[in-house]
Amino acid sequence: MGALIWLIAGVALIAAEVLSGEFFLLMLGTGALAAALGSLLGLSVLPATLVFAAVSVLLIFAVRPALRRRLDRAIEHHATNTEALVGRHGTVVAAVRGDHTGGRVKIGGDVWSAQAYDHEQTIEAGARVRIIEISGATAMVLADD
């Protein structure tokens, strides 16, 4: 009877892993399956519970990190939000200076406040610029050569 309970718990945990994707429940489910095997081989409740705990902890700390690293390497990461703007080009709408005074630049379809990345530089309206970084709601730009 104990083996059946461990088996049901293991299968349920592994099935629940599909919803989380963190591999934590998979490790617990595998531990429960190991406890089910131990129960089938004659272990009582306490030793089977120790098998569950030992296998789960071992898998969580030894296997899970390696599995997560391998999965993270396989996933292509894309820049999002303001990170996606860095390196793009824009057009100056209002003169951009390095002294925080009212520069505006159009990036894609949006107009951003802008400041010259080189604080000595002034970039006139109509010039093409490259976005170096985004600081808050201000695009730091350099004149495109």
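Residue 101 in the UniProt record's numbering sits at position 101 of the sequence shown, and the numbers go up by one each step.
Cβ atoms here follow ideal geometry from the backbone N, Cα and C, with glycine treated the same way.
Predicted model, so just to flag it, every value in this text is computed and none were measured.
Look at residue i and residue j and say whether their C-beta atoms are less than 7 Å apart.
| i | j | result |
| --- | --- | --- |
| Ala-36 | Ala-66 | no |
| Arg-130 | Asp-144 | yes |
| Gly-10 | Gly-38 | no |
Can you look up residue i in the DSSP assignment and give me helix, strand or coil?
| i | result |
| --- | --- |
| Glu-133 | strand |
| Val-96 | strand |
| Ser-113 | strand |
| Gly-38 | helix |
| Ile-75 | coil |
| Met-27 | helix |
What do you get for residue i, buried or exposed, if any count of 16 or more other CB atoms within 10 angstroms of its CB means buried?
| i | result |
| --- | --- |
| Ile-123 | buried |
| Ser-56 | buried |
| Leu-33 | buried |
| Gly-87 | exposed |
For residue i, list the residues DSSP reports as bridge partners.
| i | result |
| --- | --- |
| His-89 | Arg-130 |
| Arg-64 | Answer by DSSP bridge pairing: none, since Arg-64 is not bridged. |
| Met-140 | Gln-115, Glu-133 |
| Gly-21 | DSSP, once it has assigned bridges, lists no residue as partnering Gly-21. |
| Val-105 | Val-92, Trp-112 |
| Ile-123 | Val-96 |
Kindly give me the distance between the Cβ atoms of residue i and residue j, rounded to whole angstroms, as I take these residues to be in contact under 8 Å.
| i | j | result |
| --- | --- | --- |
| Val-92 | Gly-136 | At roughly 19 Å, the Cβ-Cβ gap does not stay under 8 Å, so Val-92 and Gly-136 are not in contact. |
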